Amino acid sequence: MKKITAIILSVIMILGVFAVCGYAENERQFYLVLGDSIAYGSGISNSKEACYGKIVADTNGYDYANHAIPGHTTTNLINRLKDEAVIADLKKADIISISIGGNDFLMSNLIGLMFDSIVKGDHSEFDRIADGFYTNFCEIIDIINSHNADAVILMQTLYNPQSGYLRAPYQQGADRINAAIEKYNTENPGEIVIVDVAMALGDDMANYADDEIHPSSQGNEIIANVILDKLHELNLGSDAAPVITAKGKDIEISAVFTSSLRIAGAVFNALSVIYNFFMSVIG
């Protein structure tokens, strides 16, 4: 009788172990990435295997989906959140990373913005775009919450990948986007978690691709590290070293592209000297 009882207990224990293992497998966190070309990984040619979202997911053992689209603005993201496949992933997401806002400036009248900022010192259009970003960002979070009010939303700050004369106007845009993100966080405590990507990447050009817009392979690894640190701080991930299953391959851009940007910056700067001289004479 004792032997039979022991066998029954052993079977129950084994079944219990399998049940716990099955439960643990079903409880894998789901990590969703949304946004623009930064989130997509456009600075590396093998973005699907080596972007920062993949590194974060592999390191913490998350299930993972990336619905970021290069070139997307906040308006585009609002429309993207109406896609059935995106909604399905929103509903099951435990953690959502968002990178958005840079294209609100880049896809606007960029030449006009640069002219107003560098030549005239007029940043009123930057303010208008930032106001539109804030309105759209509020709607984005509302849409996400309407599908899933429990997910942790990580919102990345906007960095400045430029050097030379274009750095100052880019910073005008980045500062306004980041101020809008901070404003939302202050007015809606607990709704988002800010991840300071801008601080982490800094002004080290090795962190940026040849296009001087997107993070390089090194930049993607840095962003992954910042997100992983934040998730560990929130008790949503381990403090293990980042798992990099595929090393990122930096994109190669013709020097003509970056040279043209630098030349444009130099031209605008020269025009600003002439403009300010005439304004001082007239004034």
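Numbering (my numbering), first residue to last: 204 to 486.
Positions of the beta carbon are idealized from the N, C-alpha and C atoms, including for glycine.
Here the structure is a predicted model, which means the values were calculated and not measured.
Secondary structure of residue i, DSSP reduced to three states
i, result
"N269", "strand"
"Y362", "coil"
"G238", "strand"
"I477", "helix"
"A227", "Its pLDDT being 41, under 50, A227 is placed unreliably by the model, and the measurement read from it follows with that caveat. It is helical."
"T208", "In this prediction, T208 has a pLDDT of 44, which is less than 50 and means its spatial position is unreliable; what the coordinates show is noted afterwards. Reduced to three states, the DSSP call for T208 is helix."
Distance, residue j Cα to residue i Cα
i, j, result
"M317", "D378", "15 Å"
"L437", "L369", "37 Å"
"A412", "I454", "7 Å"
"A227", "L237", "Caution applies to A227, whose pLDDT of 41 falls short of 50 and renders its modelled position unreliable; the value that the coordinates give is listed next. Cα to Cα, A227 sits roughly 26 Å from L237."
"I298", "N363", "26 Å"
"F340", "G376", "16 Å"
"I456", "P418", "13 Å"
"D286", "N279", "11 Å"
"I301", "M310", "18 Å"
"I258", "D319", "40 Å"
"A427", "A473", "39 Å"
"Y373", "Q365", "7 Å"
"A382", "A403", "17 Å"
"I416", "L293", "28 Å"
"K295", "H326", "41 Å"
"I346", "L284", "7 Å"
"G422", "K433", "17 Å"
"N388", "D334", "15 Å"
"P445", "G367", "33 Å"
"H435", "A354", "16 Å"
"N450", "N249", "The amino acid occupying residue 450 in the given sequence is Lys; Asn does not appear at that position. Cα to Cα, K450 sits roughly 9 Å from N249."
"K323", "D239", "30 Å"
"H270", "E390", "28 Å"
"K386", "T262", "31 Å"
"I485", "F329", "27 Å"
"R231", "T338", "34 Å"
"N312", "I321", "14 Å"
"G244", "E394", "26 Å"
"E252", "G315", "37 Å"
"A401", "I384", "13 Å"
"T448", "S441", "17 Å"
"D414", "G405", "16 Å"
"P392", "I477", "47 Å"
"A371", "V396", "27 Å"
"L235", "R331", "30 Å"
"A409", "A260", "24 Å"
Cβ of residue i within 7 Å of any chain B Cβ
i, result
"N438", "Considering every chain present, this structure includes no chain B. It has just one protein chain."
Cβ distance (whole Å) where residue i is taken to contact residue j below 8 Å
i, j, result
"H350", "I290", "6 Å"
"N306", "G264", "Actually they are not in contact, since the Cβ atoms of N306 and G264 sit about 32 Å apart, beyond 8 Å."
"L439", "V398", "The Cβ separation is near 12 Å, so there is no contact."
"F336", "I380", "6 Å"
"S420", "I241", "Between I241 and S420 the Cβ distance is about 14 Å, and since that is not below 8 Å, they are no contact."
"T277", "I343", "6 Å"
"I430", "Y255", "7 Å"
Residue range of the alpha helix (DSSP H) that includes residue i
i, result
"E252", "250-253"
*Kindly provide the ranges of any beta strand (DSSP E) runs that are 3 or more residues long and lie completely inside the region 375-463, ordered along the chain.*
396-398
*Report the residue ranges of all alpha helix (DSSP H) runs contained in full by the region 264-336; include only those spanning at least 4 residues, in chain order.*
277-283, 287-295, 305-309, 313-317
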